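Working notes for the structure below.
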Amino acid sequence: MSLIIDNLKKLKKQSDQVNVPPGMINLAPKKRGKMPNIGLLAVLGLSIVGAAIVFFIGSGSSTNYTVTPPIRTAKTTPTNTPKTQPIKQQAQVAQTSPKVTEAEIKARIDAAVDKAVQDAAKDFEEKIKSTTDANVRRLGDVDALPSQAKPEVVVKRPLKAPEVKKTSTPNGIIDQVNNVKALQAGLDMPNGSELPGEPEPESIVQKPAKPVLTDEQRRKFNKKINYNTLMATANRALEDKRYDKAIENYEKVLKIKATPASLASLLKARIGKGDISLISADLKKHKRAASAKVIAFTATELNSVGYTADSLSLLKDNLGKFSNDGKLYYTAGQIHEEKKDYERAEIAYGKAVDMVYVEPYYVYAYARLLDTNKKYEMAIEMYNRLGELQADSGLKITASNRAMALSEYIKRIKEEKEMEAKRKASEKS
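To get the working numbering, take the position in the sequence shown, counting from 1, and add 163.
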């Protein structure tokens, strides 16, 4: 712009310095319709063109004379805006970092989906199993009860038709209207299929009625549940060696129903606590449940904790109270054998066999003690008797082998005695 102004100034100065002859100056006024000065117009046009050239060339060049104010950006935290790395470093990172292919991504997604499906299926199976077990237990309790009510009549109501979604096409709207009409009329769909929620006509379905219990039956049922609950609680306490709690629950069980199993468990808890003196009182209190097996079991428990004299005394005091004392004699023989009192053990086993001669374990125990006390002929007889009884095959084979061994031993001893007698006779002669 300054260049244009300088040019105009120079042009004016030159025009002022030119001397024009007076005759060439026309002082008469010009007419309005006369043409303007062509030279001035040319100079003005050149000036405008030059200014335009300078302006456009200056704006397109790399030199910029305008001062732009600095742009202030908002402060950001280092965590949100990662630092840009140089092009070389980015290329190196791109080369060193592992590439994850589309197949690997798909494989990972499939593995995650399979694991989720398996976990969901496992949880569902566990819930179904626990629910099934509970239903089986409940069904077993209900099946044991009598059914006295009439069958229940259940009226099956029609299902509600599903809502029909609107579509944008006129044909779809017409089809849906027809479907609704078909549902109202109880007909099938136009294409031959049926909607999931198509109503069914009312029908009467016969279902087995729930059993109705009388007061007596309900009382027995509650009594049985109470008995089983107390018995389980007492057994758990006995296993945990909480003898006071076990005795308390066993006494409640015996009040509901006295059985040999509950009485034997009570006496075991007494022994564990050390209340030996109360055993006889409990046996007298529950005479009907105090069987020979309960007495033998209690004597064995007493002997196992060191009360050997009390165990033998308990057996002796209860002899003759039962129709058969074979179990008591057999238990006494076991206690004497454990004490290595083989003579008394042999006597006790012998009495047990006399009481119950068809019991194979009694016979085998008696034969074994006869064998131990070197009464071989009687032992062979008992071993052979065992082969005639209904016993375990292994027990029979053991008895048979022992009988054969003893027979061979007795035969050899006799031969040796005969040879010794002949030798002595020959020496005398």
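For glycine and all other residues, C-beta sits at the position ideal for the given N, C-alpha and C. As the structure is a prediction and not an experimental result, all values here were calculated from the model.
> What are the boundary residues of the alpha helix (DSSP H) that includes Ala-542?
Replying inline: Taken as a continuous stretch (DSSP letters only), the alpha helix (DSSP H) holding Ala-542 covers 539–551.
> CA-CA distance, Ala-400 and Ala-452?
Replying inline: Their Cα atoms are separated by approximately 22 Å.
> Arg-548: which of Val-516, Glu-579, Ser-486, Gly-489 sits nearest, CA to CA?
Replying inline: The shortest C-alpha separation from Arg-548 is found at Val-516.
>> Quick check on this structure: which residue in Lys-538, Arg-575, Ala-462, Lys-436 has the alpha carbon closest to the alpha carbon of Lys-490?
In response: Out of Lys-538, Arg-575, Ala-462, Lys-436, the CA that lies nearest to the CA of Lys-490 is found in Ala-462.
> Within 10 angstroms of its Cβ, does Ala-395 collect 16 or more other Cβ (buried), or is it exposed?
Replying inline: Result: exposed.
> When we look at the beta-carbon of Val-375 and count the other beta-carbons within 10 Å, is it buried (16 or more) or exposed?
Replying inline: Exposed, since its Cβ has fewer than 16 Cβ neighbours within 10 Å.
>> According to DSSP, is Lys-502 part of a helix, a strand, or is it coil?
In response: Reduced to three states, the DSSP call for Lys-502 is coil.
> Apart from the five residues on each side of it in sequence, which residues of its chain come closer than 7 Å, Cβ to Cβ, to Tyr-525?
Replying inline: Listed in chain order, the non-local C-beta contacts of Tyr-525 below 7 Å within the same chain comprise Gly-489, Tyr-493, Tyr-512, Ala-515, Val-516, Val-519, local neighbours out to five positions each way being set aside.
> So Tyr-572 packs on Asn-536, CB below 8 Å; how close in whole Å?
Replying inline: Your pair Tyr-572 and Asn-536 does not check out as a contact, with CB atoms roughly 15 Å apart and the cut at 8 Å.
> By how many angstroms is the C-alpha of Lys-479 removed from the C-alpha of Phe-485?
Replying inline: Straight-line Cα distance between these residues: approximately 12 Å.
> Are the beta-carbon atoms belonging to Leu-475 and Ala-495 less than 9 Å from one another?
Replying inline: In contact: Leu-475 and Ala-495 (Cβ atoms closer than 9 Å).
>> I need the DSSP call for Gly-437, collapsed to helix, strand or coil.
In response: Coil, per DSSP.
> Over what stretch of residues does the alpha helix (DSSP H) that includes Asp-480 continue unbroken?
Replying inline: That run of the alpha helix (DSSP H) goes 471–480.
>> In this structure, how does DSSP classify Asp-555 when only helix, strand and coil are distinguished?
In response: Of the three classes helix, strand and coil, the one that applies to Asp-555 here is coil, per DSSP.
> Do you know offhand how far Thr-264's Cα is from Asp-273's?
Replying inline: Roughly 14 Å between the two C-alpha positions.
> In terms of residues, what are the limits of the alpha helix (DSSP H) holding Arg-381?
Replying inline: Counting along the chain, the alpha helix (DSSP H) containing Arg-381 begins and ends at 378–402.
>> One question on the structure: do Leu-558 and Val-521 come within less than 9 Å of each other, judged by their Cβ atoms?
In response: Their beta carbons are not under 9 Å apart, which means Leu-558 does not touch Val-521 by this criterion.
> So what does DSSP say about Phe-118, is it helix, strand or coil?
Replying inline: Since the first and last residues shown for the chain are 164 and 592, residue 118 lies out of range.
> DSSP three-state call for Thr-461: helix, strand or coil?
Replying inline: DSSP places Thr-461 within a helical segment (H, G or I) once states are collapsed to three.
>> Among the candidates Glu-414, Ala-432, Asn-389, whose CA atom is the shortest distance from the CA of Tyr-406?
In response: Residue Ala-432 holds the alpha-carbon nearest to the alpha-carbon of Tyr-406 among Glu-414, Ala-432, Asn-389.
>> If you reduce the DSSP assignment to three classes, tell me which class Asn-536 lands in.
In response: Here DSSP, grouped into helix, strand and coil, assigns Asn-536 to coil.
> Does DSSP put Thr-422 in a helix, in a strand, or in coil?
Replying inline: Correct three-state label for Thr-422: coil.
> Which value, in whole angstroms, describes the spacing of the CA atoms of Tyr-527 and Lys-503?
Replying inline: For Tyr-527 and Lys-503, the gap between their C-alpha atoms comes out near 17 Å.
> Looking at Ala-554 and Leu-532, is the spacing between their C-beta atoms short of 9 Å?
Replying inline: Their beta carbons are not under 9 Å apart, which means Leu-532 does not touch Ala-554 by this criterion.
>> DSSP three-state label for Val-521, please.
In response: Under the three-state reduction of DSSP output, Val-521 falls in the coil class, being neither helix nor strand.
> Is the CB-CB distance between Tyr-470 and Ile-439 below 9 Å?
Replying inline: Yes, Cβ-Cβ distance for Tyr-470 and Ile-439 is below 9 Å.
> So, is Asn-466 buried or exposed, given that buried needs 16 or more other C-beta atoms within 10 angstroms?
Replying inline: Asn-466 is classed as buried because its beta carbon has at least 16 other beta carbons within 10 Å across all chains shown.
> Where does the unbroken alpha helix (DSSP H) through Lys-448 begin, and where does it stop?
Replying inline: Note, Lys-448: alpha helix (DSSP H), 442–448.
> Alpha carbon to alpha carbon, what distance is there between Leu-477 and Lys-584?
Replying inline: The amino acid occupying residue 584 in the given sequence is Ala; Lys does not appear at that position. Cα to Cα, Ala-584 sits roughly 52 Å from Leu-477.
>> Can you look up Val-516 in the DSSP assignment and give me helix, strand or coil?
In response: Helix at Val-516.
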